[in-house]
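Q:
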Amino acid sequence: MGFLKEMFSKNESEKLLKAASAKYTAGEYKEAVEIYGRVLQEEPNNIQALYGRGLSNLFLENFEGAVGDFNSVVKIDPAYSVKVYYNRGMAKSGLGDKEGALADYDKFILSNSKSALAYLKRGELRENAGDLAGAGEDYASAAELHADNPGIFYSMGRIKFKLQDYKKALLDLNKAIKINPSHANSYFLRGRIDFEMENYPSALENFRKAVEIKPKSPDAIYYMALIKSKQEDFDEMLSLLEDLFKVDPAYAKGYELRASVKLLKRDFEGAESDFTQMIDSFPQDYTAYMRRGDVRRILFDYEGARDDYMKALSLNSSSYEIFYNLGLLENNFKNCRIALEHFSKAIELCPESADAFNGRGMAKHRLKDFNGAIKDFSRALELNPENYQYYLNRGNSKALLQDNYGAIADFTKALMNPNYSEAYMARGRMKYALSDYYGAILDFSKAINLEPNDPAKYFMRANANKNLENYNEAMDDLNKVIGLSPNHAKAHFLRGLIFYQMRSYRNAVNDWESTIRLDESFRAQLTKLVAEAKSKL
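Read in order, the letters of the sequence shown are residues 45 to 581 in the working numbering.
1) So, for residue 52: in the same chain, excluding its five sequence neighbours on each side, which residues have a beta-carbon less than 8 Å away from its beta-carbon?
2) Taking three-plus beta-carbon pairs below 8 Å as touching, is the region 226 to 245 in contact with the region 277 to 292?
3) To which residues of the same chain is residue 460 closer than 6 Å at the C-beta, ignoring the five residues directly before and after it?
4) Give the DSSP-derived three-state secondary structure of residue 125 in the structure shown.
5) Evaluate residue 230 with the Cβ neighbour count: other Cβ atoms within 10 Å of its Cβ, from every protein chain shown; 16 or more gives buried, anything less gives exposed.
6) What do you get for residue 48, buried or exposed, if any count of 16 or more other CB atoms within 10 angstroms of its CB means buried?
7) How far does the alpha helix (DSSP H) with residue 532 in it extend, from its first residue to its last?
8) Tell me the residue span of the alpha helix (DSSP H) that contains residue 202.
9) Does the count of Cβ pairs from the region 417 to 433 and the region 392 to 406 closer than 8 Å reach three?
10) Run through DSSP, which three-state label would residue 386 get?
11) Identify the continuous alpha helix (DSSP H) that holds residue 341 and give its terminal residues.
12) Expressed to the nearest angstrom, what Euclidean distance is found between the alpha-carbon atoms of residue 561 and residue 530?
13) List, from N- to C-terminal side, the beta strand (DSSP E) runs of 3 residues or more that fit wholly inside the region 491 to 529.
14) Helix, strand or coil for residue 426, going by three-state DSSP, please let me know.
15) Decide if residue 71 is buried, meaning its Cβ has at least 16 other Cβ atoms within 10 Å, or exposed.
16) Under the three-state reduction of DSSP, which class applies to residue 450: helix, strand or coil?
17) Within the continuous alpha helix (DSSP H) that includes residue 289, where are the two ends?
18) Identify whether residue 352 lies in helix, strand or coil by the three-state DSSP scheme.
19) Helix, strand or coil for residue 431? Go by DSSP, reduced to three states.
20) Of the choices 216, 204, 178 and 176, whose alpha-carbon is the least far from that of residue 195?
21) Which class does residue 579 belong to by DSSP, given the choice of helix, strand or coil?
22) Rounded to whole angstroms, what's the CA-CA distance from residue 397 to residue 417? Just pull it up for me.
23) Exposed or buried, what is residue 439 when buried is set at 16 or more other beta-carbons lying within 10 Å of its beta-carbon?
24) So, do the region 83 to 91 and the region 99 to 112 have three or more beta carbon pairs nearer to each other than 8 Å?
25) When the distance is taken between beta carbons, is residue 138 closer than 9 Å to residue 168?
26) Excluding the 5 residues preceding and the 5 following residue 221 in the sequence, name in chain order all residues of the same chain whose CB lies nearer than 6 Å to its CB.
27) Could you give the DSSP three-state label for residue 49: helix, strand or coil?
Here it is in structure tokens:
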């Protein structure tokens, strides 16, 4: 009876194994797992059932279950191991156990050195682990075994692309395309190489071919749009981005690109909206919050900017740019001590950031630590001696320490940019303070030529002309000031003084009365002068 029962059980197991195998072959992996499990309930060490269930679990991406089944196979029958290593390597890779997966592929290849697929899989693991040289060797071995597989040559080209060996990468990609003229990935990567080499017409041709073969290729469409932005063909760029968002509405880089163009066009609200879309698409990207914060700072939404910077900081606490931007923001709020802390942290994270030293110098300047400011501006200039604005900032601090000649020297260096009107004005004010009115007038005049609609510049030149008793020239400048800014109380006051000197008392009275009407603080100073002028009418 026991013999008959054993025979019946064996026949039942064979039937179940055949049924499970049929389910596996048909791709019905859940059913296969269930049937293999029934066999294993009766025969826990059934190699065929363990291996079959392991394969089914692998296809179901139940990697832990697959590894467990394959481990049991190796333990029960080491001779079966060679067959198991490849599949267990795939399962371990799925679990993120890269070292274990590599070890299994190594063992498999030792016994199956003619398996192109094993070299390909090991190459992918090595590539993902950053071992590009090892990956390249595996892909080359796979190509020797399977010379008509375009995917292998594409993988070889991809490695050489990452190593920036573009010429050899192109040779591999050309082979892939020769084998399969419809290999979209190879056209895309060939386009990337052209893009890196700034051969934009050829890049566009390759990206278009990739999209023609595979219309839903968001990366190829994005790079086409990026090229159009570099060519300043913004209409075509925007059209391509619309195509991109139809394919992938959550393509974050597309929104970033569109936002950058909107910034160029000073469409700050539109840029803010695109950065918001970028955040919605990829909420873990700290740069999206940081850039939206920059836009909100431009839009004077300082609270919104601060919220964005703090969110960016929560995602990346080691970015000096975030601390730098927070420093700029707090400077706008005139929270100079807080700004100082942020700039100092930025410097700690990036000691070679000239902008961070300049920012901290600005905060110290506002806190009236002019010597500390000069030290930071000087360090910024050591790091970037071509930045004319740093010279202006250091000159301003020197001026407030009454180092007039040192300030003039810095303002002169700032004029390495000959169109920097602010530097001409700053140097002109220093010359004015030193009673060099002729020199001041020359600088104020250059500033006016650069910015002819700024009343402050005419007002300063008028003061210098008045001190030289060039009353007609001073009057012309003051008329210009009042024409540009009718409510400029100081201009009315100064013009009144000149009218008085020229004995045009009625005009002097009119200007001084306008001065008092525009700024009540002048009343005490002008009451007596108005009376004197009226007495001379």
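No residue lacks a Cβ here, since even glycine has one placed at the ideal position from N, Cα and C.
A: So, to answer that:
1) Unreliable positioning characterises residue 52 in this predicted model, as indicated by a pLDDT of 40, which lies under 50. A coordinate reading is not provided.
2) Segments in contact, no.
3) 432
4) helix
5) With 16 or more other CB atoms across the displayed protein chains lying within 10 angstroms of its CB, residue 230 is buried.
6) At residue 48 the pLDDT is 32, less than 50, meaning the model places this residue with poor confidence; the figure from the coordinates comes in the next sentence. Under this definition residue 48 is an exposed residue.
7) Unbroken run through residue 532: none, as it is neither H nor E.
8) 194 to 206
9) yes
10) Residue 386: helix per DSSP, three-state reduction.
11) Under the DSSP assignment, residue 341 falls in the alpha helix (DSSP H) whose first and last residues are 330 to 342.
12) 12 Å
13) none
14) helix
15) exposed
16) helix
17) Going by DSSP, residue 289 is part of the alpha helix (DSSP H) stretching over 278 to 291.
18) helix
19) coil
20) 216
21) helix
22) 16 Å
23) buried
24) no
25) no
26) 227 and 230
27) Any reading at residue 49 must be qualified, since the residue scores a pLDDT of 41, below 50, and its modelled position is unreliable; the value itself is stated next. Here residue 49 sits in helix by DSSP.
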